[in-house]
Amino acid sequence: MSQKILLDKINVPGIKTYEVYRREGGYASVEKALKMTPDEVVEEVKTSGLRGRGGAGFPAGMKWSFIDKKSGKPRHLVCNADESEPGTFKDRFLMEYIPHLLIEGMITSSYALGANLSYIYIRGEYMWVYKILERAIAEARNAGWLGKNIQGSGYDLELYVHCGAGAYICGEETALIESLEGKRGNPRIKPPFPAVSGLWANPTVVNNVETIAAVPWIVNNSGAEYAKIGIGRSTGTKLISASGHIKNPGVYEIELGLSVYEFMNSDEYLGGMSSDRPLKAFVPGGSSVPVLPANLIYKTANGEDRLMTYESLSDGGFATGSMLGSGGFIVYNDTSCIVRNTWNFSRFYHHESCGQCSPCREGTGWLEKVLHRIETGTGREEDIDLLWDIQSKIEGNTICPLGDAAAWPVAAAIRHFRDEFEYHVRFPEKIKNRDHFVAEPFEQVKHLVGKVTV
Amino acid sequence: MKVTIDGQSIDVEPGTTILQAARMIGGESVPPAMCYYSKLKGSGGKCRCCLVEVSKGSEADPRPMPKLMASCVTGCMDGMEVNSKSSPRVEEARKSVTEFLLINHPLDCPVCDQAGECDLQNLSFKHGKSKTRFIEEKRTFEPENIGPNIQLHMNRCILCYRCVMVADQLTDNRVHGVMDRGDHSNISTCISKAIDNEFSGNMIDVCPVGALTDKTFRFKSRVWFNKPYNAHRNCTKCCGKTTVWMFGNEIQRVTGRKDEFHEVEEFICNECRFDHKDVNDWTIEGPRKFEKDSVINQNNYTRDLDTVVIDTEKNILKGRDQDRKKISMPSVPLQREEQEAFKQGNI
Numbered sequence: 000m001s002q003k004i005l006l007d008k009i010n011v012p013g014i015k016t017y018e019v020y021r022r023e024g025g026y027a028s029v030e031k032a033l034k035m036t037p038d039e040v041v042e043e044v045k046t047s048g049l050r051g052r053g054g055a056g057f058p059a060g061m062k063w064s065f066i067d068k069k070s071g072k073p074r075h076l077v078c079n080a081d082e083s084e085p086g087t088f089k090d091r092f093l094m095e096y097i098p099h100l101l102i103e104g105m106i107t108s109s110y111a112l113g114a115n116l117s118y119i120y121i122r123g124e125y126m127w128v129y130k131i132l133e134r135a136i137a138e139a140r141n142a143g144w145l146g147k148n149i150q151g152s153g154y155d156l157e158l159y160v161h162c163g164a165g166a167y168i169c170g171e172e173t174a175l176i177e178s179l180e181g182k183r184g185n186p187r188i189k190p191p192f193p194a195v196s197g198l199w200a201n202p203t204v205v206n207n208v209e210t211i212a213a214v215p216w217i218v219n220n221s222g223a224e225y226a227k228i229g230i231g232r233s234t235g236t237k238l239i240s241a242s243g244h245i246k247n248p249g250v251y252e253i254e255l256g257l258s259v260y261e262f263m264n265s266d267e268y269l270g271g272m273s274s275d276r277p278l279k280a281f282v283p284g285g286s287s288v289p290v291l292p293a294n295l296i297y298k299t300a301n302g303e304d305r306l307m308t309y310e311s312l313s314d315g316g317f318a319t320g321s322m323l324g325s326g327g328f329i330v331y332n333d334t335s336c337i338v339r340n341t342w343n344f345s346r347f348y349h350h351e352s353c354g355q356c357s358p359c360r361e362g363t364g365w366l367e368k369v370l371h372r373i374e375t376g377t378g379r380e381e382d383i384d385l386l387w388d389i390q391s392k393i394e395g396n397t398i399c400p401l402g403d404a405a406a407w408p409v410a411a412a413i414r415h416f417r418d419e420f421e422y423h424v425r426f427p428e429k430i431k432n433r434d435h436f437v438a439e440p441f442e443q444v445k446h447l448v449g450k451v452t453v
Numbered sequence: 000m001k002v003t004i005d006g007q008s009i010d011v012e013p014g015t016t017i018l019q020a021a022r023m024i025g026g027e028s029v030p031p032a033m034c035y036y037s038k039l040k041g042s043g044g045k046c047r048c049c050l051v052e053v054s055k056g057s058e059a060d061p062r063p064m065p066k067l068m069a070s071c072v073t074g075c076m077d078g079m080e081v082n083s084k085s086s087p088r089v090e091e092a093r094k095s096v097t098e099f100l101l102i103n104h105p106l107d108c109p110v111c112d113q114a115g116e117c118d119l120q121n122l123s124f125k126h127g128k129s130k131t132r133f134i135e136e137k138r139t140f141e142p143e144n145i146g147p148n149i150q151l152h153m154n155r156c157i158l159c160y161r162c163v164m165v166a167d168q169l170t171d172n173r174v175h176g177v178m179d180r181g182d183h184s185n186i187s188t189c190i191s192k193a194i195d196n197e198f199s200g201n202m203i204d205v206c207p208v209g210a211l212t213d214k215t216f217r218f219k220s221r222v223w224f225n226k227p228y229n230a231h232r233n234c235t236k237c238c239g240k241t242t243v244w245m246f247g248n249e250i251q252r253v254t255g256r257k258d259e260f261h262e263v264e265e266f267i268c269n270e271c272r273f274d275h276k277d278v279n280d281w282t283i284e285g286p287r288k289f290e291k292d293s294v295i296n297q298n299n300y301t302r303d304l305d306t307v308v309i310d311t312e313k314n315i316l317k318g319r320d321q322d323r324k325k326i327s328m329p330s331v332p333l334q335r336e337e338q339e340a341f342k343q344g345n346i
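Residue numbers (numbering that gives the first Met the number 0), protein chains in the order written: chain A, 0 to 453; chain B, 0 to 346.
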């Protein structure tokens with residue numbers, strides 16, 4: 000059974016309120032941190048090996064140490080709560096059920112960074128969570144954890160929640176900063192990185208909700224203790240939001256290093272496939288990461304057990320691996336149409352591209368249009384190669400990772416499920432049926448692809 | 000700092016970008032740029048045309064950069080080695096960016112007012128494909144009146160943001176910007192306002208394509224029929240140094256003076272641009288020079304030309320005598336078949 004450090008008190012009645020949270024030991028990390036120097040807190044986080052839980056997995060302590068302390072400018076901590084990726088809904092869960100954990104983490108982390116003004120940038124669609132956070136901040140302020148001279152320590156901190164207007168791209172840290180400044184949410188060109196010139200050109204750290212929520216435990220129990228959880232460079236626990244054709248969808252906190260097999264099939268976690276249909280594919284880290292076919296789910300390229308770690312899930316590169324990403328675990332059974340799923344993801348990235356750089360602005364739309372053609376039975380044989388070519392020209396050539404996020408799912412779908420694309424273009428009449436692959440899963444008609452020559 | 004681009008080394012000051020260093024070297028190594036504009040602060044990095052391969056980061060960190068870098072926003076490091084023209088990866092990237100840009104940009108050069116001085120036309124000439132793979136409909140926008148001097152043709156816009164930066168940095172009141180996102184992005188005024196500030200005409204000069212054109216010049220002429228001269232006048236608002244584009248003795252258009260990278264040397268005011276079309280308003284300094292492969296250069300009169308002898312009788316009036324009579328003398332009747340063809344519009 001995995002150790003819980005974020006969700007260990009999730010079942011305590013009333014944990015959403017300040018009184019219960021405080022009674023259960025909340026805000027202890029702030030008390031402890033205020034007695035330490037900010038650098039000591041940063042060192043603890045560095046020792047913990049905590050990696051950014053937003054998707055990129057960059058070491059949080061190292062990111063904190065990049066912040067420019069010599070500039071004399073004010074510093075800021077910004078919490079990235081703009082969770083919008085299809086398949087990812089873990090931050091919402093954390094903020095909705097235990098909001099004070101994030102606020103405690105914000106205060107501790109802000110103190111470590113020397114920030115006196117911090118923000119939680121929350122997704123516009125999470126309006127009810129916004130209200131929960133607003134209330135929790137008011138409670139924390141009334142109890143003296145925010146404002147001037149926190150608990151008599153001489154440290155001041157103002158914390159605000161800022162509601163986004165509903166753009167996925169505002170989850171990219173520089174676009175988030177632009178949006179927070181009141182501008183159009185376009186990513187900035189890096190360098191300069193936010194740690195040098197971020198919010199209002201001041202040194203800024205942008206961290207995900209889950210990353211900041213892990214800081215109280217690290218300060219309370221030491222970074223070394225945190226580093227003992229997990230395997231290798233994947234330390235600590237991770238929230239996984241699981242959805243799709245599984246028995247128990249939901250948000251799970253797992254120790255990194257748990258095997259994918261156990262996570263998939265154990266009753267403690269996903270409980271296996273729903274309706275007992277066979278597993279066809281899965282996406283381990285949200286819609287932006289490559290999809291993997293059944294034969295690569297439980298074993299890596301080297302034949303080892305696939306683990307829920309940053310390294311194991313990306314083993315062998317994209318040819319045989321994927322990414323842990325934000326932990327949006329999506330499972331497909333054999334009735335799923337990979338082309339339709341890919342089109343659906345593509346539709347999302349087309350809709351969410353900010354339009355600033357040419358390959359992403361024009362390429363995401365083109366990808367969606369070609370996929371739509373194939374899925375609706377008007378695709379051509381050459382469209383599959385065209386798709387491959389378009390995605391390869393978007394990947395790596397854009398300002399921010401949204402271009403890559405749009406390209407990778409398409410590349411992986413063609414790499415691992417090319418025969419399914421070919422079936423679509425060769426048997427348009429069959430796939431025009433809205434429920435194709437439901438009564439007749441692809442495995443049953445797969446043999447037809449090889450027999451027809453066009 | 001020493002930087003090497005396509006095997007050619009140059010010493011540059013710290014803070015110089017790769018594109019600026021390449022422009023110092025000149026020639027084929029200069030990456031194309033659709034959004035970068037040296038006179039506009041913060042421009043560049045968006046169109047991705049100027050991507051280059053950094054094969055050596057610096058003397059201190061010689062590792063190559065894994066991704067192609069936008070040369071207009073990437074600073075030079077001492078010992079940096081860059082492949083521009085010489086890199087197949089870069090060539091491929093430029094081809095793909097050109098293809099992306101032409102997905103939604105109509106290929107209507109014959110009717111576009113920017114034809115002949117369009118950066119996208121030049122880019123597609125060098126890096127474009129002869130056939131498009133995009134078979135869907137291009138995006139289209141409703142025409143929008145954005146003011147008395149400038150015509151916006153949004154269908155041709157490539158979202159380079161240059162005009163927005165001009166409005167931000169040169170004028171006192173920006174009323175237009177980029178609306179919507181993705182391939183629905185468009186340049187528009189906020190709540191149907193008119194762009195009428197004194198330096199707004201510079202938006203026309205910085206537009207790399209035919210999205211923003213001069214209402215006082217539209218469809219008057221093709222640029223290669225005009226003769227550009229450097230001219231100046233005493234102006235209290237701007238430097239007063241311009242290029243006047245003449246057709247015979249008529250000034251058809253006034254623009255800022257542009258350098259070899261098609262960027263204005265100095266921005267000019269609307270009064271100089273739109274209100275002074277009389278030759279007497281200007282002191283003509285002399286004809287302008289253009290780069291060799293420019294379309295405008297086809298009308299170049301600054302080089303020595305061989306005298307052309309037109310043998311009128313022999314060449315121009317050649318043809319059948321009866322045809323010439325029919326064309327020039329209505330008294331000669333048409334044959335019946337010819338009359339039928341004439342009615343059908345075939346003559």
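Heads up, the beta-carbon is just placed ideally off N, CA and C, and yes, glycines get one too. On a predicted model such as this, the values are computed, not experimentally measured, just so you know.
TODO: Consider the Cβ of A:Gln355: report whether some Cβ of chain B lies at a distance smaller than 7 Å.
DONE: yes
Task: Inter-residue spacing [alpha-carbon to alpha-carbon] between A:Leu100 and A:Ala212 - done: Their Cα atoms are separated by approximately 6 Å.
Task: Interface flag, B:Asp195 vs chain A, CB-CB below 7 Å - done: no
Task: 7 Å Cβ shell around A:Asp38 - same chain, five flanking residues per side excluded - done: Excluding residues within five positions, none has a Cβ falling inside 7 Å.
Task: Integer Cβ distance of A:Thr308 from A:Gly231, believed to fall under 8 Å - done: 7 Å
Task: Nearest to B:Asn233 (by Cα), restricted to the options B:Val222, B:Glu262, B:Gln338 and B:Ile267 - done: The alpha carbon of B:Asn233 has as its nearest neighbour, out of B:Val222, B:Glu262, B:Gln338 and B:Ile267, the alpha carbon of B:Ile267.
Task: Which listed residue (A:Gly113, A:Ser109, A:Thr375 and A:Ile389) has its alpha carbon closest to that of A:Gly71 - done: A:Gly113
Task: Beta carbon of A:Glu419 nearer than 7 Å to that of A:Ser286 - done: no
TODO: Taking 7 Å as the cut-off, decide whether the C-beta atoms of A:Leu175 and A:Tyr120 are in contact.
DONE: yes
Open item on the list: Taking CB distances under 7 Å as the criterion, tell me whether A:Ile488 reaches chain B.
Closed with: In the structure displayed, chain A extends from 0 to 453; residue 488 of chain A sits before or after that span and is not available.
- [ ] Could you confirm whether any beta carbon from chain B is found closer than 7 Å to the beta carbon of A:Lys246?
- [x] no
- [ ] Let me know if A:Lys130 comes out buried or exposed under the rule of 16 or more other beta-carbons within 10 Å of its beta-carbon.
- [x] exposed
TODO: Evaluate A:Gly197 with the Cβ neighbour count: other Cβ atoms within 10 Å of its Cβ, from every protein chain shown; 16 or more gives buried, anything less gives exposed.
DONE: buried
TODO: Out of A:Leu370, A:Val330, A:Val44 and A:Glu23, state which residue places its alpha-carbon closest to the alpha-carbon of A:Ile217.
DONE: A:Val44
Open item on the list: Quick check on this structure: which residue in A:Met61, A:Val208, A:Arg52 and A:Gly402 has the alpha carbon closest to the alpha carbon of A:Thr46?
Closed with: A:Met61
Task: Distance between A:Glu367 and B:Phe273 (C-alpha atoms, nearest Å) - done: If I take the Cα positions, the gap works out to 44 Å.
Task: CB contact check: A:Arg360 to chain B, cutoff 7 Å - done: yes
Task: 7 Å Cβ shell around A:Gly123 - same chain, five flanking residues per side excluded - done: Closer than 7 Å at the Cβ level, and outside the excluded window around A:Gly123, lie Cys162, Gly163, Ala164 and Gly165.
Open item on the list: Between A:Lys182 and chain B, is the shortest Cβ-Cβ distance under 7 Å, so that the two count as touching?
Closed with: no
Task: Coil, strand or helix - A:Ala111 by DSSP - done: helix
- [ ] Provide the residue span of the beta strand (DSSP E) that contains B:Pro286, from first to last.
- [x] Its beta strand (DSSP E) spans residues Thr282 to Pro286.
Task: Coarse secondary structure for B:Cys237, derived from DSSP in three states - done: coil
Open item on the list: Looking at chain B, is there any beta carbon in it that lies within less than 7 Å of the beta carbon of A:Gly235?
Closed with: no
Task: Contact set between B:Phe140 and chain A, taken where Cβ atoms lie within less than 7 Å - done: Within chain A, no residue comes near B:Phe140; the closest Cβ sits about 14 Å away, beyond 7 Å.
- [ ] Round the Cβ separation of B:Leu119 and B:His104 to the nearest angstrom and send it over; I've been treating them as touching at under 8 Å.
- [x] 6 Å
Open item on the list: On the criterion of 16 or more Cβ atoms from any shown chain inside 10 Å, does B:Lys66 qualify as buried, or is it exposed?
Closed with: exposed
Open item on the list: Closest to B:Arg58 by C-alpha separation, out of B:Met0, B:Pro109 and B:Ser85, would be which residue?
Closed with: Correcting the residue identity first, residue 58 of chain B is Glu in this sequence and not Arg. Of the listed residues, the one whose Cα sits closest to B:Glu58 is B:Met0.
Open item on the list: By DSSP's criteria, B:Val81 is part of a beta bridge. Which residues make up the other side?
Closed with: B:Ile4 and B:Val53
Open item on the list: Please confirm whether A:Asn396 has its beta-carbon closer than 7 Å to some beta-carbon of chain B.
Closed with: yes
Task: Residue-chain proximity (A:Gly364, chain B), Cβ-Cβ < 7 Å - done: So, interface residue.
Open item on the list: Quick check on B:Ser86 - is its C-beta less than 7 Å from some C-beta in chain A?
Closed with: no
TODO: Using alpha carbons as the reference points, say which of B:Tyr228, B:Val177 and B:Val110 lies closest to B:Glu284.
DONE: B:Tyr228
Open item on the list: Check this for me: beta carbons of B:Lys45 and A:Cys169, under 7 Å apart or not?
Closed with: no
TODO: Please confirm whether A:Arg183 and A:Thr173 have their CB atoms less than 7 Å apart.
DONE: no
Task: Sheet register partners of B:Gln150 (DSSP bridge) - done: B:Asn144 and B:Thr212
- [ ] Given a cut-off of 7 Å, decide if A:Ala300 and A:Gly324 are closer than it, judged by their beta-carbon atoms.
- [x] no
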